[in-house]
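Heads up, the thing below is written out as structure tokens.
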Amino acid sequence: MSQKIEDSSEFIKISIEIIRQIQDVVPFDVYIERSDGIFTKLFHKRHPIDHEMLRRYHKEKNVANLYVHTGEHKTYRYCVEKILDSALSDIKKLSPEKLTETISEMANLTITEIYLTTEINKKVMEWAGKSITGCITLLGQNPRALLRVIEALKTHQNMLKHSMMTCIFSMLLIKKVGYDSERTLMMLGLGALLHDIGMAMLPFEWEFKPDMTVEQWKQIKEHPQLGYRMLESITSVKQEVRTIVLQHHEQPNGMGYPSNRYGGDIYYLSKVVSIADCFCDKILRHEEDEQSMSLLEALASMREEVGRFDDQLFQHFQKLFGHFKRTKNEEEDIADTATKETDKKNNIDKKDTAA
Ligand SMILES: [Fe+2]
Ligand SMILES: [Fe+2]
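By the count of our numbering, the sequence shown reaches residue 366 at its end, each step adding exactly one.
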């Protein structure tokens, strides 16, 4: 337990509370920061946790965070998801505070994953992390509402992750535009987090498939109104948040749904979420298969969709990734993706596949 590692960029900060909830062996190595930048291994992978030692670190030495190696962040995420699933199956297992903390930890992990992929400035990502945690804490003030929301977002595979990512990229975009009002950020963050909540009310298990029936598509396109109505019963969710949910599939060219609104008639924060939503859908959908795109491919594919997004906002969104330089192979891949997208559009009469 004395391995010294001095490169802090190799480590992800994790919550000691999560480790305290592991009853079995720990599936990854757990580190502690002994002094500035000096990490030592506290618990070894596939060994049981010494809970008494953990309690002493937490209560007597006031240690709030432990660390995992970045190479094991997916294993850690799986572990947090299992704790969340177990809490949802038996709500008595976790107090409202611990539920909020577990969900916040999921959000922090999502921030880390985005940081590792996009290399967006670390300080900006830390700011985004605080913002999304603020949204979750706000929802958590009403534990029953938070539970209902999380249960709904867990109805479909990847929806919680998609919602958190959409929230984070919406926050990053509005910051890039220059908005910093606390209230605007909270409304936007909650709206983005809840934008697809209506999907939980669909009468069938939703998963994107090219062979979806016309009737199923019709039902999917009702999810903004379903979400809007569902949120009416949660008093802590304000009207602005519901409007974001209702209008997140509207498009400035009037081709969106549910109301075919044109540019000026669409709520500004919905336009922000629309961009983040589409982007996250492209990079996350079928993460494991070849249909997901790199972030540059996703941006290239979005540029092809003329009129779907607010021009100025989309310009700002692209600047988030201005530090990325494409390799020759990436340029070729992007050109290839754009061609495939155009072919797909010509062949399939379904203009909006994002959920
Ligand atoms: Fe979505
Ligand atoms: Fe949606």
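Where is the CB? At the ideal position from N, CA and C, for every residue including glycine.
query: Cβ-Cβ separation, asparagine 73 to isoleucine 27 (assumed contact under 8 Å), whole Å; result: Their Cβ separation, rounded to whole angstroms, is 10 Å, which puts isoleucine 27 and asparagine 73 out of contact at 8 Å.
query: Outcome for valine 36 when other beta-carbon atoms lying within 10 angstroms are tallied against a minimum of 16; result: exposed
query: Residue span of the alpha helix (DSSP H) that contains histidine 80, given as start and end; result: Unbroken run through histidine 80 is the beta strand (DSSP E), 76 to 80; no alpha helix (DSSP H).
query: Selected residue, minimal CA-CA separation from aspartate 7, among Leu158, Arg88 and Gly82; result: Because residue 7 is not part of the residues shown, which for the chain are 12 to 366, the question remains open.
query: Arginine 180 versus Glu162, Lys165 and Ala118, residue with shortest Cα-Cα distance; result: Position check: residue 180 holds phenylalanine in this sequence, whereas arginine was assumed. Ranking Glu162, Lys165 and Ala118 by Cα distance to phenylalanine 180 puts Ala118 first.
query: Proximity winner among Ile33, Asp288, Asn132 and Gly200, relative to lysine 93 (alpha-carbon distances); result: Ile33
query: Proximal residues to aspartate 363 (C-beta, below 6 Å), its chain only, five neighbours per side dropped; result: Confidence is the limiting factor: at aspartate 363 the pLDDT is only 45, short of 50, which leaves the residue's position unreliable and the question unanswerable from this model.
query: Where phenylalanine 290 falls: helix, strand or coil (DSSP); result: helix
query: Rounded Cβ spacing between isoleucine 43 and threonine 51 (contact assumed at less than 8 Å); result: 6 Å
query: Collapsed DSSP secondary structure at serine 26 in the structure displayed; result: strand
query: Local conformation of phenylalanine 50 per DSSP, three classes; result: strand
query: Among Ala139, Asn264 and His334, nearest to arginine 319 - alpha-carbon criterion; result: Asn264
query: Cutoff 6 Å; reference histidine 69; Cβ partners in own chain excluding five residues on either side; result: Ile27
query: Endpoints, the alpha helix (DSSP H) within which aspartate 322 is located; result: 322 to 330
query: Glutamate 261, DSSP secondary structure in three states; result: coil
query: CB of isoleucine 29 within 8 Å of CB of valine 91, strictly; result: yes
query: Any non-hydrogen atom of ligand 1 within 7 Å of threonine 5 CB; result: Since the first and last residues shown for the chain are 12 and 366, residue 5 lies out of range.
query: Beta-carbon proximity of glutamine 230 to leucine 257, cut-off 8 Å; result: no
query: Ligand 2 heavy atom lying under 7 Å from the CB of valine 173; result: Looking at the sequence shown, residue 173 is not valine but histidine. For ligand 2, not one heavy atom lies less than 7 Å from the Cβ of histidine 173.
query: For glutamate 193, the first and last residue of its enclosing alpha helix (DSSP H); result: 193 to 205
query: Terminal residues of the alpha helix (DSSP H) in which valine 160 lies; result: 154 to 164
query: Proximity test, threonine 177 beta-carbon vs ligand 1 heavy atom, cut-off 7 Å; result: yes
query: Inter-residue spacing [alpha-carbon to alpha-carbon] between phenylalanine 54 and glutamate 21; result: 17 Å
query: Three-state secondary structure (DSSP) of isoleucine 43; result: strand
query: As assigned by DSSP and simplified to three states, the class of histidine 62; result: helix
query: Span separating the alpha-carbon of lysine 187 from that of cysteine 289; result: 18 Å
query: Beta-carbon spacing of leucine 199, valine 135 below 8 Å; result: no
query: Contact test: aspartate 207 Cβ vs ligand 2 heavy atom, cutoff 7 Å; result: yes
query: Same chain only: Cβ atoms within 6 Å of leucine 201, ignoring 5 sequence neighbours per side; result: Cys146 and Val252
query: Alpha-carbon spacing of lysine 105 relative to tyrosine 89, whole angstroms; result: Sequence inspection shows leucine at residue 105; the lysine mentioned does not correspond to that position. The straight-line gap from Cα to Cα measures roughly 18 Å.
query: Reference leucine 242; option with closest CA among Arg155, Phe215, His260 and Phe325; result: Arg155
query: CB contact flag (isoleucine 125, leucine 95, <8 Å); result: no
query: Simplified DSSP assignment, three categories, for tyrosine 273; result: strand
query: Secondary structure of valine 188, DSSP reduced to three states; result: helix
query: Length of the line joining the Cα atoms of lysine 361 and glutamine 262; result: Because lysine 361 sits at a pLDDT of 47, beneath the cut-off of 50, its placement in the model cannot be relied upon, and the point is left open.
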